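To keep things clear, I will list the structure first and then write my remarks on it.
In the working numbering, the protein residues as written are 1028 to 1366.
Laid out in structure tokens, this is it:
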């Protein structure tokens, strides 16, 4: 059953904006029991023609109700009543690659900066492009906003095609830059973050003869991260090498090692312990992205890290203020005993 178009009426002499009058008619119909969940609304063109209004006015009325979680839309079906809870403000689809300590910081920051009337449903794609696509396409009409961490570097075209199914004003991309999308974005600038992070660590790095970047096949970060290391070493005349495997033979005294994956960090520290090489004394260790574990393991591991707490706070602000800014997330260098 469709919503009766006659329920939507306007008073051209009223001081209240017309788009708000349209919204009030729909909300009043819900409260009065005349409009039910899943009922299809008149199309934008129908309302525009019937009431002699501009399409922009009707679009504004519908889009704001959609942002409040009252109506939703799907391709081919148009707009329909999604919720009869007229006090509900926002319903958000949050898609993580996985839950780890970094994402917990991001999630807690995000939730602490939302108000009570925001409902967040969290999903995980586990780096599987098929799961990623299915979760998004199955939920496009069910949420006001989508916050998504893609983390795919091998399936760029397929991922972009899926993300473009979401209206850009309802999409927020986190963590990796996707410049082909005209939507809100908070991203890590991997190359420059590594470069400037190493500049902040320069006084500690001076005592080492060589910098070694460990970038194994399991590394989930883009290759741009290693470009930042290369650029730093070229500018400041550091010897540099990039390796894709970890074993005891790669470890040398007076050399500093940069790891991207926690698994690689643990392997590195294990081999160093077996060779009786002490981080911060015999060799140096820097890890990408901070965690509570890195604060305490081997008396502290130095890090160059994106600020996940800031990312969560900024994400909440962009959603609540309905902004489409594209922002490079802040990072920091934290020196600990490992260098």
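Every residue gets a Cβ at the ideal spot worked out from N, C-alpha and C, and that includes glycine.
Quick caveat, the model's predicted, so the values are computed rather than measured.
Original post:
What's the call for residue 1241, buried or exposed, on a 16-neighbour Cβ count within 10 Å?
Top reply: Start at 1 with the first residue of the chain shown, and residue 1241 comes out as number 214. Buried, by the Cβ-count rule.
Subject >> Cβ-based burial, residue 1180 [other Cβ within 10 Å; buried from 16] >> reply: Taking the chain shown and counting its residues from 1, the one referred to as residue 1180 is at position 153. By the neighbour-count rule (16 or more Cβ atoms within 10 Å), residue 1180 is not buried but exposed.
**OP:** Would you list the residues sitting across from residue 1100 in a DSSP beta bridge?
**Re:** In the chain shown, residue 1100 corresponds to position 73, counting from 1. Answer is 1106.
Original post:
Which value, in whole angstroms, describes the spacing of the CA atoms of residue 1156 and residue 1043?
Top reply: For the purposes of this step, residue 1156 is taken as the residue at position 129 of the chain shown. For the purposes of this step, residue 1043 is taken as the residue at position 16 of the chain shown. Going by the C-alpha atoms only, they are around 47 Å apart.
Subject >> Helix, strand or coil at residue 1365 [DSSP, three-state] >> reply: The residue you call residue 1365 lines up with position 338 of the chain shown. Of the three classes helix, strand and coil, the one that applies to residue 1365 here is coil, per DSSP.
Subject >> Per-residue burial, residue 1072 [other beta carbons within 10 Å of its own, 16 or more giving buried] >> reply: Working through the chain shown from its first residue, we reach residue 1072 at position 45. It counts as exposed.
Subject >> CA nearest to the CA of residue 1286, picked from 1312, 1135, 1188 >> reply: The residue labelled residue 1286 in the question sits at position 259 within the chain shown. The candidate whose alpha carbon is nearest that of residue 1286 is 1312.
Subject >> Member of 1306, 1208, 1335 whose CA lies at the smallest distance from the CA of residue 1328 >> reply: One-based indexing of the chain shown puts residue 1328 at position 301. Ranking the options by Cα distance to residue 1328, first place goes to 1306.
Original post:
Does the beta-carbon distance from residue 1193 to residue 1123 come in below 8 Å?
Top reply: The residue given as residue 1193 occupies position 166 in the chain shown. The residue given as residue 1123 occupies position 96 in the chain shown. In this structure, residue 1123 does not lie closer than 8 Å to residue 1193 by Cβ.
Original post:
With 16 other CB atoms within 10 Å as the buried threshold, where does residue 1063 fall?
Top reply: Taking the first residue of the chain shown as 1, we reach residue 1063 at position 36. Residue 1063 comes out exposed.
**OP:** Sort 1205, 1189, 1276, 1207 by Cα distance to residue 1239 and report the nearest one.
**Re:** Along the chain shown, read from residue 1 onward, the residue named residue 1239 stands at position 212. Among 1205, 1189, 1276, 1207, the Cα nearest to that of residue 1239 belongs to 1276.
Original post:
Excluding the five sequence neighbours on either side, which residues of its own chain have a C-beta within less than 6 Å of the C-beta of residue 1216, listed in chain order?
Top reply: Taking the first residue of the chain shown as 1, we reach residue 1216 at position 189. Excluding sequence neighbours, residue 1216 sits near 1355.
**OP:** Inspect the beta-carbon positions of residue 1171 and residue 1117 and report whether they are closer than 8 Å.
**Re:** Residue mapping note: residue 1171 aligns to position 144 of the chain shown, counting from 1. Residue mapping note: residue 1117 aligns to position 90 of the chain shown, counting from 1. A contact, by the Cβ cut-off of 8 Å.
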